[in-house]
Amino acid sequence: MASAMATGVPRQNPALRRTITSTTTDTDVSSPSTAIGSPVDSPRPSASSTSLSSMSSFETNSASHGKLIDTYGNDFEIPDYTIKDIRDAIPKHCFERSAVKGLYYVFRDIAQLATTFYIFHTYVTPENVPYAPARFALWGLYTFLQGLFGTGIWVLAHECGHQSFSTSKVLNDTVGWILHSSLLVPYFSWKISHGKHHKATGHMERDMVFVPKTREERASRLGKLAHELSELGEETPIVTFIMLLGQQLIGWPNYLMTNVTGHNYHERQSEGRGKGKRNGWFNGVNHFNPSSPLYEAKDAKLILLSDLGLAITISTLVVLGNNFGWSNLFVWYFLPYLWVNHWLVAITFLQHTDPSLPHYKPESWNYVRGAAATIDREFGFIGRQLMHGIIETHVLHHYVSTIPFYNADEASEAIKNVMGRHYRSDTRGGSLGFVKAMWRSARMCQWVEPSEGAKGEGKGVLFFRNTNNLGTKPAKMSPSRKGMAIGADE
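Each number in my numbering corresponds to the 1-based position in the sequence shown with 172 added.
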């Protein structure tokens, strides 16, 4: 693993294969219109599974885009299939949604939360466990378990937001609003911004979560010029640790309140409500204000309904705190709440931040490319059973988000035949590997820039680089080129 981190890893994905099956006509609320670059009908190379034609395709790709290198040092090829290829490869029954199944999992997860609370509240008492350190440790275990179960509830509300919970929009939004509100999540506000994330995944100027810094932005943040980044020494591990700690503790509420990690091009909001507004505190860019540039005027009632859900939950918590003690409520609710936030941020961060993943400038982005700029991971029993597979089937989710989680494994296997070498996954080490990946990504993924050998459209394909001497080194830039794009000449 160490050598892989430092010098790159061998390419693990198979040669491109396509499997064409029966056509389905289901629609996906997260799929884009052709007006924003959907490549459904765009020309593409003919499908082939032969090594000779794959090599020819790669040579053509290289000739038009130059040499694209990811952070591991592997050659990168821009995806060349269409969303129709993806949808046609998925068995039709995978699109079927069941309200009965969805509600079963809701009641199952609520039962897990209630049972855990009853057991600990009844039996982990001074009378039954007189040794205080043991009691402290057991209640610590309680917060961890409730955090896992609460994350499962969060994921089910996420299913509701994508309309994959059932065929009824009213049921989906009612269940989603109740579940998310109980976790202090503004359901409709999040649903709208999250839908925009799905329509612009990997887009440097339109994506809504974990948009990486460019080389120039990273340099400016450090008080340097862009050409000086390649000359900087290693970032000390303690700095990386503090960054990760802050991200995991307050990253989610900070995102809701300031749009941190989201795009910062609000001036382009179609109704003009983003004029003069930037991400950050007290700038009007948040998930609670109906006039936020994240939304349109037609969304105002939904934003207020989301706020009402939060107000009801907060009022309930105040009553519970006043009646049962705030220290008790801190252990019963707020510490598990922090665990939920931790898992949510960790999952999202690792779905979109990896040394193998690209990001795209507007001129090089389309929907298929952006959806492929995600990665599946493995979190064992916790991921597949308690978190409903949100970690293990995320690539599929970005192509067809209306497929319910209980059909996602089969659908994921089906699209791998279409995606071939473009499919990304990192399942090394299972659950422990998932945790290690947080550190690896934090150390290797500091900013994005074009590959030095990029040309033409390839200059708009950006990859992570770092000053920690891990993986592909940052491009060398002379002071005279600091304002120029990296990459080969046309």
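Glycine included, every Cβ here is placed at the ideal spot set by N, Cα and C.
By Cβ distance, which residues of its chain are closer than 7 Å to residue i, with the 5 residues on each side in sequence left out?
| i | result |
| --- | --- |
| P465 | H438, Q441, R445, G446, K449, V457 |
| Q335 | V201, K341, N344, T574 |
| V383 | M376, T433, G434, H435 |
| G452 | T430 |
| A391 | L397, A398, E400, L401 |
| I250 | N233, H237, R541, V633 |
| Q284 | F321 |
Please state the DSSP three-state secondary structure of residue i.
| i | result |
| --- | --- |
| A583 | helix |
| W504 | helix |
| A626 | strand |
| Y532 | strand |
| W453 | coil |
| K239 | strand |
| D471 | helix |
| D252 | coil |
| H570 | helix |
| L642 | coil |
| T193 | Bear in mind that a pLDDT of 31 at T193, under 50, signals an unreliable position, so the number given afterwards is only what the model happens to contain. Note: T193 maps to coil in three-state DSSP. |
| H560 | coil |
| L313 | helix |
| M429 | helix |
| L397 | coil |
| M591 | helix |
| F230 | Bear in mind that a pLDDT of 48 at F230, under 50, signals an unreliable position, so the model cannot answer this. |
| H344 | What sits at residue 344 in the sequence shown is Asn, not His. N344 falls in the helix class under three-state DSSP. |
| M415 | helix |
| K264 | helix |
| F460 | coil |
| R216 | Since pLDDT at R216 reaches only 36, below the 50 mark, its modelled position is unreliable, and no value is offered. |
| W537 | coil |
| P651 | helix |
| E663 | Shown here, the chain extends from 173 to 662; a query on residue 663 therefore has no answer. |
| N436 | coil |
| Q441 | coil |
Got a sec? Which residues, its chain only, sit under 8 Å from residue i by beta carbon, not counting five neighbours each side?
| i | result |
| --- | --- |
| G312 | none |
| L604 | none |
| T288 | Y314, L317, Q318, F321 |
| K385 | R393, Q618, W619, V620 |
| P651 | L397, H399 |
| P215 | Here P215 scores only 32 on pLDDT, less than 50, and its place in the model should not be relied on; the value that follows carries that caveat. There are no such residues. |
| F308 | none |
| G552 | G602, S603 |
| G481 | W349, I350, H352, S353, P358, Y359 |
| A271 | F337, S338, T339, S340, L343 |
Pick from the options: whose alpha carbon is nearest that of residue i?
| i | options | result |
| --- | --- | --- |
| F636 | T243, K239, G238 | T243 |
| S528 | S487, L482, Y595 | Y595 |
| A647 | G245, H237, S236 | G245 |
| E683 | E621, S650, G630 | Since the first residue of the chain shown is 173 and the last is 662, residue 683 is not available in this structure. |
| V357 | A372, Y290, L428 | L428 |
| G542 | Q557, G555, H566 | H566 |
| W326 | T346, L355, F308, L310 | L355 |
| R600 | W611, A586, E550, H369 | E550 |
| Q419 | G592, K645, N638, W611 | W611 |
| F454 | N426, K473, Y467 | N426 |
| L421 | V503, Y571, W349, L507 | L507 |
| L351 | K608, F279, G395, Y571 | F279 |
| I486 | L501, I475, L404 | L501 |
| L404 | D247, L416, R387 | R387 |
| H370 | V572, D598, F248 | V572 |
| T323 | A583, N638, R556 | R556 |
| T525 | Y532, A545, W511, V512 | A545 |
| Y277 | F606, T488, M559 | M559 |
In its own chain, which residues sit with a C-beta less than 6 Å from the C-beta of residue i, not counting the 5 before and 5 after it?
| i | result |
| --- | --- |
| V590 | R190, Y253, D257, I258, A261 |
| G238 | G625, A626, K627, G630, A660 |
| S478 | P358, Y359, F360, S361 |
| A580 | G561, T565, L568 |
| E535 | G632 |
| G348 | A329, C332, G333, Y359 |
| I241 | S623, T644 |
| H459 | P358, S361, L428 |
| A586 | A261, I262 |
Per DSSP, residue i forms a beta bridge with which residues?
| i | result |
| --- | --- |
| F635 | P530, E621 |
| D548 | S597 |
| T386 | V620 |
| H375 | Y532 |
| D247 | I241 |
Mind the definition here: the stretch 615-631 touches the stretch 514-521 only if three or more C-beta pairs lie below 8 Å; say whether that holds. no
Looking at C-beta atoms only, is the number of pairs between the stretch 480-495 and the stretch 297-312 that lie closer than 8 Å three or more? no
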